[in-house]
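Oh and the sequence shown: position 139 is 139 in our numbering, straight run, nothing missing. Read through the structure below, which is laid out as structure tokens, and then see the notes.
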Amino acid sequence: MKKNSIHAIIKKLRAHGKKIVFTNGCFDIIHSGHVKLLRECAQLGDFVIVGINSDSSVRKLKGKSRPLNKLKDRIEVLKAIRYVDYVIPFSEITPYNLIKSIKPDFLVKGGDYKENEVVGKEFAGRVMIVDLLKGMSTTKIIEKVLNK
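Next comes the structure, spelled out in structure tokens:
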């Protein structure tokens with residue numbers, strides 16, 4: 001999962017006219033909203049790359065009690081989803097440098113984003129916003145479990 005190997009893969013795919021799709025997130029507890037997002041990514045292009053926040057960047061974004069699942073485990077779950085072709089971790093708060101490096105044909109985010117707010121949009125061929133599944137969020141799932 002090194003950046004060098006993903007660049008070699010991308011180069012080969014582009015030489016064959018394939019479209020690269022990129023999305024990212026913490027993916028701490030995978031739920032149906034994540035699966036919907038990933039399915040829509042797969043429908044847009046030929047090769048889906050998922051950027052995943054490192055444990056330290058999840059803590060900075062979500063608080064010291066997160067992530068619940070370690071990076072290694074979150075990667076393993078994502079890799080098991082048939083819509084995902086490649087998973088690459090990043091340590092920064094945002095995937096800006098990763099997007100700049102990959103230059104995806106499609107940059108996909110959930111409906112909690114507006115297109116003008118999407119980090120790295122200037123490096124993507126097109127930005128796509130996918131509708132969220134109402135009531136689906138890892139934070140809400142955690143709150144529900146803790147309140148039972």
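Ideal Cβ placement from N, Cα and C applies to all residues, glycine included. Keep in mind the model is a prediction, meaning the values are calculated, not measured.
Query - Rounded separation between G111 and F90 - CA only - result: For this step, residue 111 is matched to residue 111 along the sequence shown. For this step, residue 90 is matched to residue 90 along the sequence shown. One Cα belongs to G111, the other to F90, and the distance between them is close to 22 Å.
**Report entry** Residue nearest to Y96 in terms of C-alpha spacing, selected from V84, V119, I75 and V87
**Finding:** Within the sequence shown, the letter at position 96 stands for residue 96. Cα-wise, what sits closest to Y96 is V119.
Query raised in the report: In chain order, what residues of the same chain lie with their CB nearer than 6 Å to the CB of G25, ignoring the 5 residues before and after it?
Result: Residue numbering aside, residue 25 sits at position 25 when the sequence shown is read from its first letter. Closer than 6 Å at the Cβ level, and outside the excluded window around G25, lies no residue.
Query raised in the report: Can the beta-carbon of L13 be found less than 8 Å from the beta-carbon of D46?
Result: Start at 1 with the first residue of the sequence shown, and residue 13 comes out as number 13. Start at 1 with the first residue of the sequence shown, and residue 46 comes out as number 46. Cβ atoms of L13 and D46: closer than 8 Å.
Requested in this report: Classify I20 as helix, strand or coil using the three-state DSSP reduction.
Outcome: For the purposes of this step, residue 20 is identified with residue 20 of the sequence shown, where counting begins at 1. Reduced to three states, the DSSP call for I20 is strand.
Requested in this report: Reducing DSSP to helix, strand and coil, say where R126 ends up.
Outcome: For this step, residue 126 is matched to residue 126 along the sequence shown. Here R126 sits in strand by DSSP.
Query raised in the report: Counting only runs that start and end within the stretch 61-117, where is the beta strand (DSSP E) found for 3 or more residues in a row?
Result: Unbroken beta strand (DSSP E) stretches of 3 residues or longer found wholly inside the stretch 61-117: 86-90 and 106-110, given in chain order.
Report task. Could you pull out every residue in the same chain whose Cβ sits closer than 8 Å to the Cβ of K18, ignoring the five residues on either side in sequence? Result -> Reading the sequence shown from its first residue, position 18 is the one you call residue 18. For K18, where only same-chain residues beyond five positions count, the Cβ hits under 8 Å are G45, D46 and F47.
Requested in this report: Indicate the three-state DSSP secondary structure (helix, strand or coil) for G33 in the structure shown.
Outcome: In the sequence shown, the residue the question calls residue 33 occupies position 33. DSSP places G33 in helix when its eight states are reduced to three.
Query raised in the report: If you draw a straight line from the alpha carbon of M1 to that of K36, how long is it in whole angstroms?
Result: Mapped onto the sequence shown, residue 1 falls at position 1. Mapped onto the sequence shown, residue 36 falls at position 36. Bear in mind that the predicted position of M1 carries a pLDDT of just 48, short of 50, making it too unreliable to give a figure here.
Query raised in the report: Using a Cβ-Cβ cut-off of 6 Å (strictly less than) and excluding sequence neighbours within five positions of L68, which residues of its own chain qualify?
Result: Reading the sequence shown from its first residue, position 68 is the one you call residue 68. Scanning its chain for C-beta atoms nearer than 6 Å, with the 5 sequence neighbours on each side dropped, one finds around L68 the residues D28, in chain order.
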